[in-house]
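> Residue numbers (the numbering used here): 1113 to 1358. Here it is, the structure, as structure tokens.
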């Protein structure tokens, strides 16, 4: 039996962004974030086969299960670059008709953006442990989902992540595409020895997405959904979103 894993997606309709400086900016909180309806794949109706004593029948069965480790987000982003005072009054504003940059999602409300790097293998295994995923046997583990090293180059503040430097995935269908790249970053905490895991979506403005409509980003974030956290009785996980536009 072939088993296919599908993602559970939620719509983020529009993220409105305004940045205070043009170059060398670090990721900031969005000015606003509008959340659309959340949907998930419905279970199909039961399939039945007639049995008759004495018969031997060949069956070909295809099954699809919803992932227990991922939440999906997709949507559009707009914004501007401004020169403004502390009161929010703009001396000058540059509209971004087709924004580029990144969207960051992390479970931490505070990130030292000058101290981040590509997530290393140990940190990826730790994230799988948090999700309750087996890094080797689960096809939808972090380790087996983010295995590519062909993401485009990008900046986070003044830090340059060159093309293919980090583990990444293409969040569009089977993960073999060339758009909607998502990159794994982490901030290493020297005090605790732990790391703050950061899911990073590289913006692809006005690109055809998984539902055949245009989006600026598609991304997934880890969310424990197995064992006692199995849907629908499981809880939720809070993620903080940051943006950096050029």
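Idealized CB from N, CA, C, for every residue including glycine. Since this is a predicted model, take the numbers as computed values, not measurements.
Spell out the partners DSSP gives residue 1353 in its beta bridges.
Bridge partners of residue 1353: 1217.
> Tell me residue 1164's beta-bridge partners as DSSP assigns them.
According to DSSP, which records beta bridges pairwise, residue 1164 is partnered with nothing at all.
> What do you reckon, are the CB atoms on residue 1277 and residue 1293 nearer than 9 Å?
No. Outside cutoff.
> Going by C-alpha to C-alpha distance, which of 1315, 1245, 1252 sits closest to residue 1268?
Nearest of 1315, 1245, 1252 to residue 1268, Cα basis: 1315.
> Check residue 1332 in the structure and name its three-state DSSP category.
The answer is strand: DSSP assigns residue 1332 an E or B state.
> Can you list the beta strand (DSSP E) stretches of 3 or more residues lying completely in the region 1208-1252, in chain order?
Those beta strand (DSSP E) runs which fall completely within the region 1208-1252 and span 3+ residues are 1213-1218, 1228-1230.
> Since residue 1272 is in the beta strand (DSSP E), which residue starts that stretch and which ends it?
That run of the beta strand (DSSP E) goes 1271-1273.
> Sorted by chain position, which residues of the same chain lie with C-beta nearer than 6 Å to residue 1329's C-beta, five sequence neighbours on each side aside?
Counting only Cβ-Cβ distances below 6 Å, and skipping sequence neighbours, we find 1215, 1313, 1315.
> Taking 9 Å as the threshold (C-beta atoms), are residue 1352 and residue 1188 in contact?
It is not a contact, given that the beta carbons lie outside the stated cut-off.
> Which residues bound the beta strand (DSSP E) around residue 1312?
Its beta strand (DSSP E) spans residues 1307-1314.
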